[in-house]
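I have placed the structure first, in the form of structure tokens, so that the comments after it can refer back to it.
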Amino acid sequence: MSDDALPQAAGQTAPGASGRPSPGPHEPSPSPSPSPSPSPSGRRGWSRRRTLLVGGAAVLFALGVVAAVVVGRTAATHQPQAAVMAYLDAVQQGDVEQAMSLDGTEVGDGDGDVLLTNDAYAGVTDGVTGWRVTGSRVDGDTAAVYAVVQQGGEAGAVYDQQFTLEKDGTDLLFFDRWTLTPVELGTLTVQVGAPDAAVVTAAGVEVPHAGAEGDTVELRAFPGSYPATLDGAGAYAADDVVGIATGASSPGSPATLVATLTDTGQASARAAVDAWLAACVASPDLKPAGCSFQILNEPTGYTLTDQKWTLETTPVYEIGDWTSQGWQVEATTEGSAVFTSTVSDGAGSTGTFNSVGSVRVPVQGVIPDVTGEGATFTSTLLPY
């Protein structure tokens with residue numbers, strides 16, 4: 000008999016069988032014991048740690064983004080181009096005083112800098128309307144930045160401009176700081192054909208011009224169109240004009256103001272010429288000073304009395320345009336005069352000394368000034 004045929008007692012295990020006892024006919028099968036659940040306090044601790052980890056990572060990411068932005072912006076603002084862009088933007092906005100503070104331009108007390116103010120630039124049209132930085136070059140402690148500047152819109156002038164910068168230390172240890180050197184400004188040329196007393200303005204600012212060499216005034220100016228006027232207090236006037244200033248690398252257009260006499264000014268000028276002629280005729284001299292006629296052969300050894308010039312025909316003249324000395328006066332028809340006198344010698348003998356025929360009376364000269372009080376005439380013929 001094999002071991003398998005042996006009867007088994009309830010609750011016993013046959014040899015070679017499973018070690019788990021077989022349930023009896025009336026005993027229920029045992030249930031497996033459930034796994035222990037984590038406590039609520041353990042779940043809360045893990046949740047807090049996870050939140051802290053996620054939050055810390057987010058903070059680190061945000062700080063990294065901020066740092067990258069700050070570094071990027073700092074690097075961008077410390078490029079040489081940044082200083083040039085700030086300068087050109089100030090000019091485009093009409094704040095030329097801010098632009099000059101950026102590049103260190105000093106405004107002098109002389110007449111040549113009267114246009115370098117915001118008030119003056121506010122009266123300018125067709126200023127800088129756009130610009131574009133086209134390149135840069137760094138050479139040690141200096142840099143050059145190149146830009147194209149648009150003036151007066153699409154139909155206006157376009158010119159190249161170069162800016163020079165110098166290194167001026169560092170920020171945050173390794174960001175170079177660049178400073179603009181004074182930018183060479185353009186020039187507004189005002190040509191004045193008028194007396195020194197004329198009031199000349201450009202962009203509403205009075206332009207001193209008295210004694211200007213060649214009647215030309217050159218003013219430092221920012222780009223734009225400058226309206227120019229001339230006021231002659233009713234005696235003379237000039238049409239309003241516009242002068243254009245551009246960058247230093249491009250020539251502008253001068254504002255040329257040439258005065259013409261008004262009817263009042265013409266009357267004053269003619270009165271001055273007529274008064275000069277009358278004074279010459281009234282002179283008893285054989286060679287009236289500052290006049291255009293004379294007697295060449297003066298008698299010697301005789302005494303003249305009753306000397307008199309008599310105008311036979313009055314010269315006809317015209318008052319022309321302004322030149323560098325004044326309004327030109329030129330005779331279209333010469334006049335004539337005769338001279339008469341009584342002559343006597345030491346012995347008491349008397350006679351007459353007269354001109355031989357008529358003497359020419361030309362008129363040529365300039366009117367250098369006309370005011371409300373009158374005009375002046377200067378003969379340009381050789382004085383006698």
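If you read the sequence shown in numbering that gives the first Met the number 0, its first letter stands for residue 0, the second for the next number, and so on. Note that the Cβ used here is the ideal one computed from N, Cα and C, for glycine as well. As the structure is a computational prediction, the values presented were derived from the model and not from experiment.
Among THR299, TYR301 and LEU276, which has the Cα closest to the Cα of GLY289? Checking every option, the nearest Cα to that of GLY289 belongs to LEU276.
Counted within 10 angstroms of its Cβ, other Cβ atoms place GLN92 as buried (16 or more) or exposed: Within 10 angstroms of the beta-carbon of GLN92 lie fewer than 16 other beta-carbons, which makes it exposed.
Suppose contacts are defined by Cβ-Cβ distances below 9 Å. Is LEU218 in contact with TYR235 by that definition? If you check the CB distance, LEU218 and TYR235 do not come in under 9 Å.
Residue ranges of each beta strand (DSSP E) within the stretch 187-258, 3 or longer: Annotation note: the stretch 187-258 contains the following uninterrupted beta strand (DSSP E) runs of length 3 or greater, listed N- to C-terminal: 198-201, 215-220, 223-230, 240-244 and 254-257.
Taking the alpha-carbon of ASP138 as reference, which of VAL198, ALA121 and LEU164 has the nearest alpha-carbon? For ASP138, the nearest C-alpha among the options comes from LEU164.
Please report the straight-line C-alpha distance between VAL198 and ASP118, rounded to a whole angstrom. Spanning the two alpha carbons is a distance of roughly 19 Å.
Distance between ASN353 and GLY364 (C-alpha atoms, nearest Å): It is roughly 28 Å from the alpha-carbon of GLY364 to the alpha-carbon of ASN353.
Say whether the stretch 336-345 touches the stretch 242-257, bearing in mind that this needs 3 or more beta-carbon pairs closer than 8 Å, one atom from each stretch. No: the two stretches stay apart, fewer than three of their Cβ pairs being nearer than 8 Å.
Within 10 angstroms of the Cβ of SER340, are there 16 or more other Cβ atoms? Answer buried if so, exposed if not. The residue is buried, with at least 16 neighbouring Cβ atoms inside 10 Å.
Starting from ASP273, follow its DSSP beta bridges and name the residues at the other end. In DSSP, ASP273 forms no bridge with anything.
When the Cα of PRO209 is compared with those of GLN78, ASP368, LEU87 and ALA156, which residue comes out closest? Here residue 209 turns out to be Ala, not Pro, going by the sequence shown. Ranking the options by Cα distance to ALA209, first place goes to ASP368.
Can THR180 and LYS166 be called in contact, C-beta distance under 9 Å? Not a contact, by the Cβ cut-off of 9 Å.
Integer-rounded CB distance, given that ALA271 should sit under 8 Å from THR370: In fact, because the Cβ distance is near 11 Å, the residues do not count as touching under 8 Å.
Which listed residue (THR116, GLU372, PRO361 and ALA98) has its alpha carbon closest to that of ALA201: Between ALA201 and the set THR116, GLU372, PRO361 and ALA98, the nearest pair of CA atoms involves THR116.
By Cβ distance below 6 Å, which residues in the same chain neighbour VAL362 in space, the five residues on each side in sequence not counted? The answer, listed in chain order, is PRO314, TYR316 and ALA330.
ASP175 versus THR169: straight-line alpha-carbon distance, rounded: Looking at the two C-alpha atoms, the distance is approximately 4 Å.
Quick check on DSSP: helix, strand or coil for LEU164? Taken through DSSP and simplified to helix, strand or coil, LEU164 comes out as strand.
Examine the Cβ distances between the stretch 96-116 and the stretch 129-145 and report whether three or more of them are shorter than 8 Å. A contact is defined here as three or more CB-CB pairs under 8 Å, and the stretch 96-116 fails this definition with respect to the stretch 129-145.
Please check the pair GLY182 and ASP125, which I expect to be a contact at CB under 8 Å, by giving their CB distance rounded to whole angstroms. The sequence given here places Val at residue 182; Gly does not occur at that position. A Cβ-Cβ separation of about 19 Å leaves VAL182 out of contact with ASP125 under the 8 Å criterion.
Going by the CB atoms, is the gap between GLY151 and ALA196 shorter than 9 Å? By the CB criterion at 9 Å, ALA196 and GLY151 fall outside the cutoff.
Just checking GLY210 against the ligand COA - is the residue's beta carbon closer than 8 Å to any of the ligand's heavy atoms? The ligand COA is not part of the structure shown, which contains no ligands of any sort.
Quick one, which of TRP308, ASP108 and SER135 has its alpha-carbon nearest SER335's? Measuring from the Cα of SER335, the nearest candidate turns out to be TRP308.
Confirm, please, whether the CB-CB distance from ILE243 to ALA154 is below 9 Å. Their beta carbons are not under 9 Å apart, which means ALA154 does not touch ILE243 by this criterion.
For GLY246, which residues in the same chain have their Cβ closer than 7 Å to its Cβ, ignoring the five residues on either side in sequence? Contacts found: VAL148, TYR158, GLN160, GLY185 and PRO222.
Would you tell me roughly how many angstroms separate the C-alpha atoms of VAL355 and ASP238, rounded to the nearest one? Here the alpha carbons of ASP238 and VAL355 stand approximately 50 Å from one another.
For TYR145, which of helix, strand or coil comes out of DSSP? Strand.
If you run the structure through DSSP and keep just helix, strand and coil, what is VAL385? Past the edges of the chain, shown from 0 to 383, lies residue 385, and the structure says nothing about it.
With a threshold of 7 Å on Cβ separation, who are the neighbours of GLY192 within its own chain once the five nearest residues in sequence on each side are excluded? Within the same chain, GLY192 has close Cβ partners ASP214, LEU256, VAL257, ALA258 and TRP321.
Given LEU87, which residues of its chain have a CB within under 6 Å of its CB, disregarding the five upstream and five downstream residues? The residues are TRP130.
Measure from the alpha carbon of SER323 to the alpha carbon of each residue in ALA281, SER267, GLU212 and THR263, then state which is nearest. The shortest C-alpha separation from SER323 is found at GLU212.
Pull up the CB-CB distance for ALA98 and VAL90, whole angstroms please, since I reckon it's below 8 Å. Approximately 5 Å separates the beta-carbon atoms of ALA98 and VAL90; this is inside 8 Å, confirming the contact.
Range of the contiguous alpha helix (DSSP H) that encloses SER100: Counting along the chain, SER100 sits inside the alpha helix (DSSP H) bounded by residues 95-102.
Which partner residues of LYS307 appear in the DSSP bridge assignment? The partner list for LYS307 (beta bridge, DSSP) reads THR339.
Can you name the residues that DSSP bridges to ALA374? DSSP lists VAL369 as partners of ALA374.
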